[in-house]
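Asker: Residues -23 to -1, 1 to 1081 in mature numbering (1 follows the signal peptide of the UniProt record, and there is no 0) are what the sequence shown lists, from first letter to last.
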Amino acid sequence: MYLRRWVYFTLCLALVTVLSAAAQQGTSVTGGLNGVVIDSSGAVVSGATIILAGPQGTRTLTTDAEGRYSAAGLTPGLYNVTAEKEGFKKVQSSHNEVVVGISSLLNLTLPVGDVAQTVEVNAAAVSIDTQSTAISANLTDTFYNSIPMARNVTSIFYVAPGVAGGQVAGSANQNGPGSANPSIGGASGLENLYVVDGVTITDQAFGSIGTYNRYHGSLGTGINLTFIKEVDVRTADFPPQYGKATGGIVQIVTKSGSNNYHGAVGAYFGPGSWYANRNQFYQYGYLQTTPSQTLSSPQYDVSAEFGGYIPGLRDKLFFFGAFDPTILQNIDAAAPNAPSAVVSHGPYAYSTTTLSWAGKLSYNLSPQTTMEASSFGDPSRHNDVPNSLSSATPVAATSSYQFGSRDSVFRINSVITPSWLANASFTYNYNHFNETPLQNTYGITDQSLVPQGGSTVTLGFGAFEPSKNDTYSLSFNTSKIFHFFGQHTLLLGYSYDHTNFLDSPSRSGPLFAIPSANAASDSLAALYSNIPAHAIGSLTNATFTLAAANTTNFTDPTCTYCATYHGEQVYASISRGTYVGLNVQAFGRYHAAYLEDSYQMNRFINLDVGVRWEEERVGGDLLNYAFTGSWSPRLGINLDPLGDRKGKIFFNYGRNYWAMPLDAAIRQLGNEQDDTSFYFAPEIGADGSVTIVPDSAHTLNGLPKQTNADGSVTNFGAPSFASSTGEGILPGTKGEYEDEYVLGLERELGHSIVAKARYTDRRLGRVIEDIGSQSPEASTISGNYTGGIYNPGPGTDIAVNEDEVTYTPAQYATAQAASKISGQYVAPVPGCTATNDTSGPKAVGGLFINGADAPVGGACFLNLATMDAGPGDGKPDGFVRPVRRYQAMELELDKRFTNHWLAVVNYRFAKLYGNYEGAYRNDNGQSDPGISSLFDFTAGKLGLLGDQFTPGYLSTDRRNVGNLFLSYTIGQDTRFFNAANRLNLGLGLTGESGVPLSLLADHPIYLNQGEVPLGGRGAAGRTPSAVQLNLHSEYPVTMHDRYTLRFAVDAFNVTNSQFMTGKVQYTEQPGTGVGVAPISNTDYGRPTSFQGPFYARGSIRFEF
């Protein structure tokens, strides 16, 4: 209650302050129009009257002494512009499109004559803003309704140059950011900012658009296409009022009511029978895994919209509403070699039903002040289906889930004087995800048959993660135009975000107590030194892996407690469990202030200087921390060589800070404590069912596992623990940022055609990641640990370095032979003891295995008692500098809709190089922004992390990306084709080159796939290039002048070119234990994703 009152009080205070003392420009949801009026001789015409007639009324301006006019704060849409002055003929230009965030250019020429005469001109506004260096693609409904475009807002993003796919699947059907979250400017797909009418719809935990879940990836977008007027994709050169992103900023503006009633009802349908047959994974010889096959992806939606003005309040109060129920399906079937239970079922329909809605009110309080309130949401439900079609128990693998967001905004804009503008807003965002498994059974990945040539099978359900969050935001700014040796436009603003998040990391199956002893009644705490005292007896959840005890001798009887299953001795290991932090409350508090001066020195030079300040505080159940000192300078220089406002040469420098999502606070500051590598003897039923009984009587840690070829016996090793308790964010940690440099030019070529060229250079300057003091090998034996979220680099020093000596497999074998004779421990090299040796009974109990499945030896630590403990010892800990550098050359040719046609053409050549992908890791598929596993360990001396820290070409490095979009509407003056008057034809041709492929081994401690590059990033070549041709046609039938019925057909990938877009890059199956050689992945190199097949969509739309 106190918080709510505080927010309301702050909002009221802000509005009063803004309207009475400080005014500002609503740059986020409005646009502008400017130009110069001249006569037939080229002389400027001062004192001319300019009338702008738009969707919500008219605005009247007067040209100044230099013939200039400028209108800001315009609602996006089409405007008719009239210019008149006594002694000249009146000139009118129709259908000039105003777009968001840009002051479009429209120059007019007044012929001498009678003002009563009107001259219609073909001039149309073009998007060259000589007072701004910002790089953005303004994609309006005029554009995307005229070309082939999927029925979702995220598909529009890819029209902009510099935008490419943000996810490269490392395994078939992998979830993640997907196509909804592109890579912009070389960043990962979770580093963009998404805003609708000033409401941030970015997921607060991960950074995706709309709703995101760790196990399902990107889900809803929060906004329906029916409600959208324009999509503005900002790819570079952010003005100071924009931040929180090291990728791109996507700004969406919704439709508004107008002085005319308008509405539409439409039906869009893409049945499964309109899809061509797809390439299926099983056709490529998958052996160890059985990825499901998608047969078709039917999609249906019905849209309804209506807008206008409230009777009696024309020119004053406007409304708009939309409703768009949607059904999206994937018809999936199990691979032929999957378990019979799912194969015999036949196809499953995976269906998501979304009931998107939106409403908006706009009120012209006066000719100078408008108020706006809108709300929208996308409540969605996914049906009950198995989460895997590799499951032997499909009913136990079944769940349903619900998700969606609800957003609201209240805004007030005021033109206090022609040179003083104002805007203030209050927004609210609510997001949720909830999942319910049908049965509460443990999730098990059964790898036991893989060594025999079989495939991986899943049992039970596994991990899921319900969550809910809300964000209240307040923003206001003010702009003032004044003259001092030229014209200055001064902008000052402030914004605040207040986020609360509740997360419940869960795994199916009953909670169980962490065992204190093994099946032989040996105390685990006595056997191993790395077990936290409070862990024993704590209740944990878990997922398990079932594996053969000896992959080369299936009937090896060494493991006397193991169960016999499919003729093998098998065991179960915890692949991941959490025993503290099962319900975490996290929060985020974000402040930003900015100042900008756009200085028009003369008609040739504009200087844009600004600075942005940000502070982000994040917290969990235990700790909180503020990233302070985040200052972002912004400098832009525009040169208009001819002074005609039709072209510019520009340079821009900017520093962009990233706002860390709350996943790090949930896991690192929320007291998450995990356990892995506990080993259990499963119970096998008479029907072949597998039951995990995770108690001491079934615990195998420390007991014999297998007899090796040389006669030696390997025991099950120690369990592993990971904890955020006490780590938090280390003092002195600063925000993550990148520096950006852009050099470019733009020029209007006539006929509303604009050509653009630019070079962009982005360089990460500092990253936020969690780090740990231990090397991989030391983590198995060290009793000390120092770690937390920090800015890793070559100078990082948080703990005492390890004094490590290593030995080879041959030295180990010699020592083992001597040990058998003496019956006592024998050191493989000087300095080793039974307590500091990783192959001793206190640790792994054998040799470490590298990414090539070859034993590399072991290590001894001479300062075991003090190593890895903080504080630092004055010596760098061995971390490297995180590197991500993006260099791009972009070419564009844009033509707005005039003379029946429009065009958007762009091409990008780029390189993306480094050792750090960003908030999303494509190599291992990890969605943990700011706390990935990349810097969890120091390198150590055994080389267990391979080339993890060596820079190379990153996963989304696409050298070439190109787009060609054309649309033509046949008119009565179209020669030879005028019989097809009003027929609209659209074309979309897209192409991109392939991405690097690598050899990625398992992590030596976490046992996850895709963690360790072998031979460098990109060592395995690239995927092939991909090209796609899409077509659009629409024919309107007009009835009684007021009604129009539109029939449309869109055809996607008309050549049915199903290029391979990803391959399996994991060289090993997931590991089952530290020091245990994982099974080699025979599915390496098989496809993980394809370009979608040909499909068609039809639509019928009734407009009135």
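Cβ coordinates follow ideal geometry from the N, Cα and C atoms, glycine included.
So, with DSSP's three-state summary, where would you put Pro832?
Answerer: Residue 832 sits at position 855 when you count from the first residue of the sequence shown. Correct three-state label for Pro832: strand.
Asker: Report the residue from Ser909, Gly439, Leu451 and Lys819 whose alpha carbon sits nearest the alpha carbon of Pro638.
Answerer: The count along the sequence shown starts at 1 and reaches residue 638 at position 661. The option with the nearest alpha carbon to Pro638 is Ser909.
Asker: Ignore the nearest five residues each way along the sequence and tell me which others in Leu(-11)'s own chain have a CB closer than 7 angstroms to its CB.
Answerer: Here the question's residue -11 lines up with position 13 in the sequence shown. Summary for Leu(-11): the model assigns pLDDT 38, below 50, so the residue's position carries little reliability; its value from the coordinates is reported in the next sentence. So no residue of the chain qualifies.
Asker: If you draw a straight line from the C-alpha of Gly3 to the C-alpha of Gln345, how long is it?
Answerer: Along the sequence shown, read from residue 1 onward, the residue named residue 3 stands at position 26. Along the sequence shown, read from residue 1 onward, the residue named residue 345 stands at position 368. With a pLDDT of only 38 at Gly3, under 50, the local geometry of the prediction cannot be trusted, and no value is derived from it.
Asker: Compare the C-alpha of Gly679 against each of Phe1071, Gly606, Lys797 and Cys536 and name the closest.
Answerer: By 1-based counting over the sequence shown, the position of residue 679 is 702. Considering only alpha carbons, the answer is Cys536.
Asker: Give the DSSP bridge partners of Arg383, in chain order.
Answerer: Walking along the sequence shown from the start, residue 383 turns up at place 406. For Arg383, which the question treats as bridged, DSSP gives the partners Gly354 and Tyr407.
Asker: Once DSSP output is grouped into helix, strand and coil, what is the label at His465?
Answerer: Mapped onto the sequence shown, residue 465 falls at position 488. Of the three classes helix, strand and coil, the one that applies to His465 here is strand, per DSSP.
Asker: Leaving out five residues before and five after Asn446 in sequence, what residues of the same chain have Cβ atoms less than 6 angstroms from its Cβ?
Answerer: Within the sequence shown, numbered from 1, the residue matching residue 446 stands at position 469. Cβ neighbours of Asn446 beyond the five flanking positions: Gln181, Asn408 and Phe478.
Asker: Between Ala811 and the rest of its own chain, which residues show a CB-CB distance below 8 angstroms, the 5 nearest in sequence each way excluded?
Answerer: Within the sequence shown, residue 811 is the residue found at index 834, counting from 1. Closer than 8 angstroms at Cβ, skipping near neighbours: Tyr802, Gly817, Pro818 and Lys819.
Asker: Which residues in the same chain have their Cβ closer than 7 angstroms to the Cβ of Thr1065, if we skip the five residues on either side of it in sequence?
Answerer: Here the question's residue 1065 lines up with position 1088 in the sequence shown. Contacts found: Ala146, Gly147, Ser148, Ala149, Gln151, Gly1039, Lys1040 and Val1041.
Asker: According to DSSP, Ala241 sits in a beta bridge with which residue or residues?
Answerer: To locate residue 241, count along the sequence shown from 1; it is residue 264. Glu282 and Glu1080.
Asker: Which runs of the beta strand (DSSP E) at least 3 residues long sit entirely within the stretch 97 to 158? Give them in chain order.
Answerer: Listed in chain order, the complete beta strand (DSSP E) runs (minimum 3 residues) inside the stretch 97 to 158 are 112 to 117.
Asker: Buried or exposed, going by whether 16 or more other CB atoms sit within 10 Å of the CB of Arg1063?
Answerer: Working through the sequence shown from its first residue, we reach residue 1063 at position 1086. Answer is buried; the Cβ neighbour count reaches 16.
Asker: Consult DSSP for Leu202 and reduce its assignment to one of helix, strand or coil.
Answerer: Sequence index remark: in the sequence shown, residue 202 carries index 225 (1-based). Looking at Leu202 - three-state DSSP - the assignment turns out to be helix.
Asker: Just the Cα atoms here: how many angstroms apart are Ala734 and Glu723?
Answerer: Within the sequence shown, residue 734 is the residue found at index 757, counting from 1. Within the sequence shown, residue 723 is the residue found at index 746, counting from 1. Ala734 and Glu723: Cα-Cα distance of roughly 7 angstroms.
Asker: Which word fits Gly1048, buried or exposed, when buried means at least 16 other C-beta atoms lie within 10 angstroms of its C-beta?
Answerer: On the sequence shown, position 1071 is the one that residue 1048 refers to. Gly1048 comes out buried.
Asker: Measuring straight from C-alpha to C-alpha, what distance separates Pro981 and Ala335?
Answerer: Here residue 981 corresponds to residue number 1004 of the sequence shown, with the count starting at 1. Here residue 335 corresponds to residue number 358 of the sequence shown, with the count starting at 1. Taking the straight line joining both Cα atoms gives about 50 angstroms.
Asker: Return the CA-CA distance between Arg(-20) and Asp780, expressed in angstroms with no decimal places.
Answerer: Taking the first residue of the sequence shown as 1, we reach residue -20 at position 4. Taking the first residue of the sequence shown as 1, we reach residue 780 at position 803. With a pLDDT of 45 at Arg(-20), under the threshold of 50, the modelled position of that residue is not reliable, and the figure given next carries that caveat. Cα-Cα distance, rounded: 55 angstroms.
Asker: Let me know the secondary structure DSSP gives Lys918 once reduced to three states.
Answerer: Working through the sequence shown from its first residue, we reach residue 918 at position 941. Lys918: coil per DSSP, three-state reduction.
Asker: Based on Cα-Cα distance, which residue from Gly175, Leu868 and Asn518 lies nearest to Asp652?
Answerer: The sequence position of residue 652 within the sequence shown is 675, counting from 1. When only C-alpha atoms are compared, the closest one is Asn518.
Asker: Please determine, among Glu894, Gln416, Gly1069 and Thr927, the residue with the shortest C-alpha to C-alpha distance to Leu167.
Answerer: By one-based count along the sequence shown, residue 167 stands at place 190. Minimum Cα distance to Leu167 is reached at Glu894.
Asker: With DSSP run on the structure shown, which of helix, strand or coil describes Ser321?
Answerer: As a first step, residue 321 must be located in the sequence shown, where it is residue number 344. Coil, per DSSP.
Asker: Below 8 angstroms, how does it come out for the stretch 379 to 395 and the stretch 348 to 363: are there three or more Cβ pairs, yes or no?
Answerer: Flag = yes, the stretch 379 to 395 and the stretch 348 to 363 touch.
Asker: Less than 7 angstroms between the CB of Asn201 and some heavy atom of the ligand MG, yes or no?
Answerer: Within the structure as shown, the ligand MG is missing, as the structure has no ligands at all.
Asker: Quick check: the Cα distance between Leu870 and Gly965, rounded to an integer number of angstroms?
Answerer: Residue numbering aside, residue 870 sits at position 893 when the sequence shown is read from its first letter. Residue numbering aside, residue 965 sits at position 988 when the sequence shown is read from its first letter. Rounded to the nearest angstrom, the two C-alpha atoms are 15 angstroms apart.
Asker: Going by C-alpha to C-alpha distance, which of Asn417, Tyr542 and Gln429 sits closest to Leu488?
Answerer: Against the sequence shown, residue 488 aligns to sequence position 511. Nearest of Asn417, Tyr542 and Gln429 to Leu488, Cα basis: Asn417.
Asker: With a threshold of 16 other CB atoms inside 10 Å of the CB of Phe459, please say whether the residue is buried or exposed.
Answerer: Walking along the sequence shown from the start, residue 459 turns up at place 482. It counts as exposed.
Asker: Who are the near neighbours of Asn256 in its chain, counting only those whose CB is closer than 6 angstroms to its CB and skipping five residues on each side?
Answerer: Here residue 256 corresponds to residue number 279 of the sequence shown, with the count starting at 1. Cβ neighbours of Asn256 beyond the five flanking positions: Gln1035 and Phe1067.
Asker: Is Pro786 helix, strand or coil by DSSP?
Answerer: For this step, residue 786 is matched to residue 809 along the sequence shown. Three-state DSSP puts Pro786 in a helix.
Asker: Give me whichever residues DSSP pairs with Gln650 in a beta bridge.
Answerer: Along the sequence shown, one-based indexing puts residue 650 at 673. In DSSP, Gln650 forms a bridge with Val557 and Ser700.
Asker: With H, G and I counted as helix, E and B as strand and the rest as coil, what does DSSP make of Lys67?
Answerer: Looking up residue 67 in the sequence shown gives position 90. Correct three-state label for Lys67: strand.
Asker: In the DSSP assignment, what residue or residues form a beta bridge with His359?
Answerer: Here residue 359 refers to the residue found at position 382 when the sequence shown is read from its first residue. In DSSP, His359 forms a bridge with Thr329 and Tyr378.
Asker: How long is the line joining the alpha carbons of Asp16 and Gly220, rounded to whole angstroms?
Answerer: Counted from its first residue, the sequence shown places residue 16 at position 39. Counted from its first residue, the sequence shown places residue 220 at position 243. Each residue's Cα considered, the two are about 43 angstroms apart.
Asker: Do you know offhand how far Gln218's Cα is from Glu1011's?
Answerer: As a position in the sequence shown, residue 218 is number 241, starting the count at 1. As a position in the sequence shown, residue 1011 is number 1034, starting the count at 1. Rounded to whole angstroms, Gln218 to Glu1011 spans 40 angstroms at the Cα level.
Asker: Using the beta-carbon count (16 or more within 10 Å), is Thr117 buried or exposed?
Answerer: Taking the sequence shown and counting its residues from 1, the one referred to as residue 117 is at position 140. So Thr117 counts as buried.
Asker: Could you tell me the alpha carbon to alpha carbon distance between Pro1013 and Ala1025, rounded to whole angstroms?
Answerer: As a working note, residue 1013 is residue 1036 in the sequence shown. As a working note, residue 1025 is residue 1048 in the sequence shown. So the alpha carbons of these two residues sit roughly 9 angstroms apart.
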